[in-house]
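Working notes, structure below.
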Amino acid sequence: MKKLVVRIEKLDHFGRGIAKVNNIPIFVENSLIGEEVEILITKEKKNYMEGVVIDYIKKSPLRVKSNCPYYDKCGGCDLLHLSYIEQLKYKENKVKEIIKKFSGLECINNIVSSKQFNYRNKITLQVKNGIGYFQKKSNDIINIDNCLLVDNKINEIINKLKKIDVSDVKKIVVRVTNLESMVVFYGKINLKIDLDVDTIIINDKVFKGNGYIREEINDFKFIISPTSFFQVNNIGMINIYNKVLEYVDGGNVLDLYCGTGTIGIYVSKKANKVLGIELNKEAIKDALINKKLNNINNIDFISGDVGTILSENNFKADIIIVDPPRAGLDNKSIDNIIKIKPKKIVYVSCDPVTLARDLNILKEKYDVIEITPFDMFGNTYHVECVCLLKLR
Ligand SMILES: C[S@@+](CC[C@H](N)C(=O)[O-])C[C@H]1O[C@@H](n2cnc3c(N)ncnc32)[C@H](O)[C@@H]1O
58 MKKLVVRIEK LDHFGRGIAK VNNIPIFVEN SLIGEEVEIL ITKEKKNYME
108 GVVIDYIKKS PLRVKSNCPY YDKCGGCDLL HLSYIEQLKY KENKVKEIIK
158 KFSGLECINN IVSSKQFNYR NKITLQVKNG IGYFQKKSND IINIDNCLLV
208 DNKINEIINK LKKIDVSDVK KIVVRVTNLE SMVVFYGKIN LKIDLDVDTI
258 IINDKVFKGN GYIREEINDF KFIISPTSFF QVNNIGMINI YNKVLEYVDG
308 GNVLDLYCGT GTIGIYVSKK ANKVLGIELN KEAIKDALIN KKLNNINNID
358 FISGDVGTIL SENNFKADII IVDPPRAGLD NKSIDNIIKI KPKKIVYVSC
408 DPVTLARDLN ILKEKYDVIE ITPFDMFGNT YHVECVCLLK LR
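Per my numbering, the very first residue in the sequence shown carries number 58; after that it's consecutive.
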């Protein structure tokens with residue numbers, strides 16, 4: 058295979074270094090701007106190449122030594138070789154670049170930081186000759202004993218899982234909260250020892266506990282069922298929710314893609330009425346329980362597809378909060394949001410590219426006031442944003 062010596066000119070939006078040879082970009086993982094590296098070309102296409110570093114000839118002063126023994130192979134992290142402060146600068150710039158390039162906007166605030174390590178409250182472990190994560194670009198797994206990203210309670214559970222027979226299990230999901238822990242096994246398992254967790258689920262059957270776990274954040278109480286979405290980083294979640302709360306100033310609120318109702322419940326005290334819409338029926342069941350747990354009377358929930366529910370009803374709303382998956386808003390949802398004509402739209406996004414695409418449509422009728430990036434997934438290239446739009 059071809060070897061080359063190249064100089065890294067830029068980082069791409071996935072945290073990879075970009076070098077150029079004859080004007081063809083070469084994407085190189087674990088490389089930083091200014092570094093001179095010897096690489097092995099692993100993919101050669103007409104318009105681009107990919108390579109892996111075999112030798113660092115000149116290292117960047119920004120490079121830090123990663124404490125993770127799995128970093129070279131594991132597909133979980135992308136930026137562990139960069140200090141946290143530099144990761145934050147990279148993410149802020151990435152949002153600025155993407156938003157400017159795809160929607161021409163420049164109103165980006167400084168990024169809000171979170172916690173670099175031990176922040177994840179949920180992980181999915183793959184099982185195949187061991188328990189761990191997928192290797193980079195592979196279906197092979199890397200055996201993990203201790204992951205730097207997860208809450209240490211999860212690392213303790215991983216070590217207990219290593220002591221049991223999981224030979225007929227495909228996947229294990231571990232979730233912890235400030236109060237409880239849950240393990241979900243997908244596959245066959247004959248559990249003989251107590252894992253010392255609050256809830257165990259095997260496929261869709263409850264084996265131990267309530268079948269859900271409880272969480273308490275800033276005096277709010279929530280329950281979380283196994284398939285319900287819940288933000289994976291509590292500090293990042295509070296930062297984002299506080300930003301959304303800043304924008305809510307009375308009136309009727311639609312909380313679209315509401316999951317277990319957390320954002321709606323968080324902002325309900327500043328709203329007249331809140332209605333949450335969410336596809337996952339299990340999450341809506343949780344949301345209805347969460348409403349009661351927090352003694353909130355001005356919130357309701359509907360289960361279904363956002364686009365369909367908005368087109369079949371004649372909702373009025375002063376503020377619409379949207380928190381869609383990475384794919385962003387579909388055309389039907391955007392059309393209906395524009396028809397409802399809320400005074401404000403608060404867009405919580407986990408992908409700046411789809412955010413920019415959607416802002417391009419919304420900005421015909423709405424002024425984009427500000428976009429704040431939030432770090433939620435330290436050591437990865439991912440970045441969240443909260444954007445405020447006001448009806449012109
Ligand atoms: C990023 S999560 C946000 C959840 C919630 N706002 C929170 O902060 O926990 C996106 C949610 O959108 C839901 N979802 C995905 N597609 C949907 C659709 N077409 N209609 C309604 N909800 C959808 C998912 O089930 C998930 O709960």
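For glycine and all other residues, C-beta sits at the position ideal for the given N, C-alpha and C.
>> ligand 1 and Val363: does any heavy atom of the ligand fall closer than 7 Å to the residue's C-beta?
In response: By one-based count along the sequence shown, residue 363 stands at place 306. Under cutoff, so the answer is yes.
>> Counting C-beta neighbours from all protein chains within 10 Å, is the total for Phe71 16 or more, i.e. buried, or is it exposed?
In response: As a working mapping, residue 71 is identified with position 14 in the sequence shown. Under this definition Phe71 is an exposed residue.
>> Going by the DSSP bridge assignment, what does Lys115 pair with across the sheet?
In response: As a first step, residue 115 is located in the sequence shown; it is residue number 58 there, counting from the start. Partner(s): Glu93.
> Distance, Cα to Cα, Arg329 vs Ile391?
Replying inline: In the sequence shown, residue 329 corresponds to position 272, counting from 1. In the sequence shown, residue 391 corresponds to position 334, counting from 1. With the sequence shown as reference, residue 329 is identified as Asn, and Arg is not the correct amino acid for it. Answer to the nearest angstrom: the Cα atoms are 24 Å apart.
>> What ranges does the alpha helix (DSSP H) occupy inside the stretch 217-295, keeping only unbroken runs of at least 4 residues that lie completely in it?
In response: none
>> Please classify Glu234 as buried or exposed, where buried requires at least 16 other C-beta atoms within 10 Å of its C-beta.
In response: Stepping through the sequence shown from its first residue, residue 234 is reached at position 177. Strictly speaking, residue 234 in this sequence is Thr, with Glu absent from that position. Looking at its Cβ environment, which holds 16 or more other Cβ atoms inside 10 Å, Thr234 is buried.
>> Distance check for Gln144 and Phe242, CA to CA, integer angstroms please.
In response: The residue you call residue 242 lines up with position 185 of the sequence shown. The residue you call residue 144 lines up with position 87 of the sequence shown. The alpha-carbon atoms of Phe242 and Gln144 are separated by roughly 34 Å.
>> Taking its Cβ as the centre, do 16 or more other Cβ atoms sit within 10 Å of Lys354, making it buried, or is it exposed?
In response: Locating residue 354 in the sequence shown gives position 297, counting from the first residue. Correcting the residue type first, residue 354 is Asn in the shown sequence and not Lys. Label assigned to Asn354: exposed.
> Can Pro399 and Ile377 be called in contact, C-beta distance under 8 Å?
Replying inline: Start at 1 with the first residue of the sequence shown, and residue 399 comes out as number 342. Start at 1 with the first residue of the sequence shown, and residue 377 comes out as number 320. It is a contact, given that the beta carbons lie within the stated cut-off.
> If you follow the alpha helix (DSSP H) that Gln173 is part of, which residue opens it and which one closes it?
Replying inline: In the sequence shown, the residue the question calls residue 173 occupies position 116. Note, Gln173: premise wrong, no alpha helix (DSSP H); not H, not E.
> Could you give the C-beta distance for Val223 and Met239, rounded to a whole number, given that I count them as a contact under 8 Å?
Replying inline: Translated into positions along the sequence shown, residue 223 becomes position 166. Translated into positions along the sequence shown, residue 239 becomes position 182. About 16 Å; that fails the 8 Å criterion.
> Who are the Cβ neighbours of Asn166 in its own chain at under 8 Å, not counting the five residues just before and after it?
Replying inline: Numbered from its first residue, the sequence shown carries residue 166 at position 109. For Asn166, where only same-chain residues beyond five positions count, the Cβ hits under 8 Å are Glu427, Ile428, Thr429, Pro430.
> Closest by CA to Ser368, which one among Asn296, Phe358, Asn393?
Replying inline: Residue 368 sits at position 311 when you count from the first residue of the sequence shown. With distances taken between Cα atoms, Ser368 lies closest to Asn393.
> Since Arg73 sits in a beta bridge, which residues does DSSP pair it with?
Replying inline: Taking the sequence shown and counting its residues from 1, one reaches residue 73 at position 16. Answer is none; Arg73 lacks a bridge partner.
> So, is Tyr105 buried or exposed, given that buried needs 16 or more other C-beta atoms within 10 angstroms?
Replying inline: In the sequence shown, the residue the question calls residue 105 occupies position 48. Tyr105 comes out exposed.
> Buried or exposed: which applies to Ile111, given that a residue is buried once 16 or more other Cβ atoms fall within 10 Å of its Cβ?
Replying inline: Start at 1 with the first residue of the sequence shown, and residue 111 comes out as number 54. The residue in question, Ile111, is exposed, as its Cβ has fewer than 16 Cβ neighbours within 10 Å.
> For the candidate residues Val231, Glu237, Lys245, whose alpha-carbon lies nearest to that of Asp225?
Replying inline: Here the question's residue 225 lines up with position 168 in the sequence shown. Among Val231, Glu237, Lys245, the Cα nearest to that of Asp225 is on Lys245.
> Do you know how far the Cα of Ile292 is from the Cα of Val231?
Replying inline: Within the sequence shown, numbered from 1, the residue matching residue 231 stands at position 174. Within the sequence shown, numbered from 1, the residue matching residue 292 stands at position 235. Taking the straight line joining both Cα atoms gives about 19 Å.
> Looking at the unbroken alpha helix (DSSP H) that takes in Gly321, where does it start and where does it end?
Replying inline: The count along the sequence shown starts at 1 and reaches residue 321 at position 264. Per DSSP, Gly321 belongs to the alpha helix (DSSP H) from 319-324.
> Nearest to Thr411 by alpha carbon, out of Ile395, Val405, Arg383, Asp424?
Replying inline: Counted from its first residue, the sequence shown places residue 411 at position 354. Of the listed residues, the one whose Cα sits closest to Thr411 is Arg383.
>> Pop quiz: Ile199 and Lys122 are said to be a contact at Cβ under 8 Å. What is the actual Cβ separation, rounded to whole angstroms?
In response: For this step, residue 199 is matched to residue 142 along the sequence shown. For this step, residue 122 is matched to residue 65 along the sequence shown. Incorrect: roughly 19 Å between the Cβ atoms, too far for contact.
>> Strictly by DSSP, which residues pair up with Lys401?
In response: For this step, residue 401 is matched to residue 344 along the sequence shown. Beta-bridge pairing links Lys401 to Ile376, Lys447.
> Among all the DSSP beta bridges, which residues are the ones paired with Asp357?
Replying inline: Translated into the one-based positions of the sequence shown, residue 357 becomes position 300. Asp357 pairs with Leu332.
> For Ser325, which residues of its own chain have a beta-carbon under 6 Å away from its beta-carbon, when the five flanking residues on both sides are left out?
Replying inline: Indexing the sequence shown from 1 puts residue 325 at position 268. Closer than 6 Å at the Cβ level, and outside the excluded window around Ser325, lie Val331, Ile353, Asn355, Ile356.
> How many whole angstroms separate the CB atoms of Leu97 and Ile65, which I take to be in contact at a CB cut-off of 8 Å?
Replying inline: Numbered from 1 along the sequence shown, position 40 holds the residue referred to as residue 97. Numbered from 1 along the sequence shown, position 8 holds the residue referred to as residue 65. With a Cβ gap of about 15 Å, Leu97 and Ile65 do not count as contacting.
> Can you tell which of Asp424, Val109, Gly321 has the C-alpha that lies nearest to the C-alpha of Lys447?
Replying inline: Residue mapping note: residue 447 aligns to position 390 of the sequence shown, counting from 1. If we check each option's Cα against that of Lys447, Asp424 comes out closest.
> Is Ile334 near ligand 1, going by C-beta to nearest heavy atom under 7 Å?
Replying inline: For the purposes of this step, residue 334 is taken as the residue at position 277 of the sequence shown. Result yes, Cβ under 7 Å from ligand 1.
> In angstroms, rounded to a whole number, what distance separates the CA positions of Pro381 and Lys115?
Replying inline: As a first step, residue 381 must be located in the sequence shown, where it is residue number 324. As a first step, residue 115 must be located in the sequence shown, where it is residue number 58. Those two C-alpha atoms are separated by around 42 Å.
> Exposed or buried, Ile188, counting other C-beta atoms within 10 Å across all chains shown (16 or more means buried)?
Replying inline: Translated into positions along the sequence shown, residue 188 becomes position 131. Buried.
> Residue range of the beta strand (DSSP E) that Arg64 falls in?
Replying inline: Reading the sequence shown from its first residue, position 7 is the one you call residue 64. Arg64 -> beta strand (DSSP E) spans 60-64.
> Asp312: which of Ser360, Glu339, Val289, Lys179 sits nearest, CA to CA?
Replying inline: For this step, residue 312 is matched to residue 255 along the sequence shown. Nearest C-alpha to Asp312: Ser360.
>> Is the beta carbon of Asn347 closer than 8 Å to that of Ile322?
In response: Counted from its first residue, the sequence shown places residue 322 at position 265. Counted from its first residue, the sequence shown places residue 347 at position 290. Going by C-beta atoms, Ile322 is nearer than 8 Å to Asn347.
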